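J.: Before anything else, here's the structure in question.
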Amino acid sequence: MPIADNRDPRYSDDEIATLWRTLRERRDMRHFVPAADAAPLPDGLLERLVEAAHLAPSVGFMQPWRFIRISDPALRERLHAQVEAERLRTAQALPSRNEEFRQVKIEGIRECQELLVVTLMPGREKHIVGRRTLPEMDVASVGCAIQNMWLAARAEGIGLGWVSFFEPLALAELLGLPDGARPLAILCIGRVPAFYPRPMFEDAGWGKRLPLADVLFENRWPDDERAGPTPTAY
């Protein structure tokens, strides 16, 4: 049974405005102040960010996220090498925008103050509630955790970048993941020179945020072109 709570369920106007500001100003950061030059991160920051992630909703309350902190400089370099190799393979798969894509920066892996790898836990097949017909809901749950961490980092004035240029099996082997575990994200965390005023890929001309009318439908899938592929797909 729910516990009675006599507090007003609505937050104050200032609190609501702060939430919306955080949502609007969150950015996927690619440029970090090199760790050697950056002011130290606030005490307890990493623990707070992981706590924020751990407060995320998960299907069937399975909590499938696991976080590996990369503190070994040699391991960080090996991880960077894997990411760089995949970045080049991705560039080759984009012949029309090869040179533009090669400008996408991954040096945050070397420069950021904290580096985390987010993985799915093993044994997920035991969790059936909410996943019997949609087993990919474990991935969706981890996405919620990363979003929580992202927003918490932005609220603290700390940058976070999600890197997905890697071959999962190779990264799993590098980190000694058990059978069934799967890496989903490399997160670069640290101080940044400035937060981008707009998403970096939007500024670079890769795409733009769609209007709400193109993503919100009524009762059924529309028959018009709104429901088609994003025109900026690449």
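Quick note: the sequence shown uses our numbering, first residue 624, plus one each step. Idealized CB from N, CA, C, for every residue including glycine. All figures in this text were calculated on a predicted structure; none of them were measured in a lab.
Under the DSSP definition of a beta bridge, which residues are partnered with Asp651?
T.: Locating residue 651 in the sequence shown gives position 28, counting from the first residue. In DSSP, Asp651 forms a bridge with Leu783.
J.: Would DSSP call Cys811 helix, strand or coil?
T.: Taking the sequence shown and counting its residues from 1, the one referred to as residue 811 is at position 188. If DSSP states are grouped into helix, strand and coil, Cys811 belongs with the strands.
J.: Return the CA-CA distance between Glu722 and Ala716, expressed in angstroms with no decimal places.
T.: Reading the sequence shown from its first residue, position 99 is the one you call residue 722. Reading the sequence shown from its first residue, position 93 is the one you call residue 716. Each residue's Cα considered, the two are about 11 angstroms apart.
J.: Buried or exposed: Asn771, going by 16 or more other Cβ atoms within 10 Å of its Cβ?
T.: Numbered from 1 along the sequence shown, position 148 holds the residue referred to as residue 771. Answer is buried; the Cβ neighbour count reaches 16.
J.: Within its chain, find whatever has a CB closer than 7 angstroms to the CB of Gly746; leave out the 5 residues flanking it on each side and keep chain order.
T.: Position 123 of the sequence shown, counting from 1, holds the residue named residue 746. Cβ within range, chain order: Gly803.
J.: Helix, strand or coil, according to DSSP, for Thr641 in the structure here?
T.: As a working note, residue 641 is residue 18 in the sequence shown. Here Thr641 sits in helix by DSSP.
J.: Return helix, strand or coil for Ile693, following the three-state DSSP convention.
T.: Here residue 693 refers to the residue found at position 70 of the sequence shown. Coil, per DSSP.
J.: Can you name the start and end residues of the beta strand (DSSP E) that Glu737 belongs to?
T.: For the purposes of this step, residue 737 is taken as the residue at position 114 of the sequence shown. Segment 737-743, the beta strand (DSSP E) holding Glu737.
J.: Out of Glu648, Gly683, Phe824, Glu841, point me to the one whose CA is closest to Ile751's CA.
T.: On the sequence shown, position 128 is the one that residue 751 refers to. Of the candidates Glu648, Gly683, Phe824, Glu841, the one whose C-alpha sits nearest the C-alpha of Ile751 is Gly683.
J.: Does DSSP classify Pro718 as helix, strand or coil?
T.: For the purposes of this step, residue 718 is taken as the residue at position 95 of the sequence shown. Helix, per DSSP.
J.: Excluding the 5 residues flanking Arg647 on each side, which residues of the same chain have their C-beta closer than 8 angstroms to its C-beta?
T.: In the sequence shown, counting from the first residue as 1, residue 647 sits at position 24. Closer than 8 angstroms at Cβ, skipping near neighbours: no residue.
J.: Should the region 689-709 be regarded as contacting the region 781-793, the criterion being three or more beta carbon pairs within less than 8 angstroms?
T.: These segments touch.
J.: Do you know how far the Cα of Asn629 is from the Cα of Glu674?
T.: The sequence position of residue 674 within the sequence shown is 51, counting from 1. The sequence position of residue 629 within the sequence shown is 6, counting from 1. Each residue's alpha carbon lies about 26 angstroms from the other.
J.: Which same chain residues end up closer than 8 angstroms to Arg649 when comparing Cβ atoms and leaving out the 5 residues on each side of it in sequence?
T.: Along the sequence shown, read from residue 1 onward, the residue named residue 649 stands at position 26. Result list for Arg649: Trp773, Leu774, Arg777, in chain order.
J.: On the DSSP letters alone, give me the boundaries of the alpha helix (DSSP H) that Arg777 sits inside.
T.: Against the sequence shown, residue 777 aligns to sequence position 154. Residues 760-778.
J.: Apart from the five residues on each side of it in sequence, which residues of its chain come closer than 7 angstroms, Cβ to Cβ, to Thr742?
T.: Translated into positions along the sequence shown, residue 742 becomes position 119. Within the same chain, Thr742 has close Cβ partners Arg689, Ile691, Leu800, Ala804, Arg805, Pro806, Leu807.
J.: Could you tell me the distance, in whole angstroms, from the CA atom of Arg701 to the CA atom of Leu797?
T.: Here the question's residue 701 lines up with position 78 in the sequence shown. Here the question's residue 797 lines up with position 174 in the sequence shown. So the two alpha carbons sit approximately 8 angstroms from each other.
J.: Does the beta carbon of Ser635 come closer than 9 angstroms to any beta carbon on chain D?
T.: This model lacks chain D altogether; it includes just one protein chain.
J.: Just the C-alpha distance for Gly828 and Lys749, rounded to the nearest angstrom, thanks.
T.: In the sequence shown, the residue the question calls residue 828 occupies position 205. In the sequence shown, the residue the question calls residue 749 occupies position 126. Taking the straight line joining both Cα atoms gives about 44 angstroms.
J.: Does the contact criterion of 3 or more C-beta pairs under 8 angstroms hold for the region 692-699 versus the region 755-769?
T.: These segments do not touch.
J.: In terms of DSSP beta bridges, what is Trp688 paired with?
T.: Indexing the sequence shown from 1 puts residue 688 at position 65. For Trp688, which the question treats as bridged, DSSP gives the partners Leu743.
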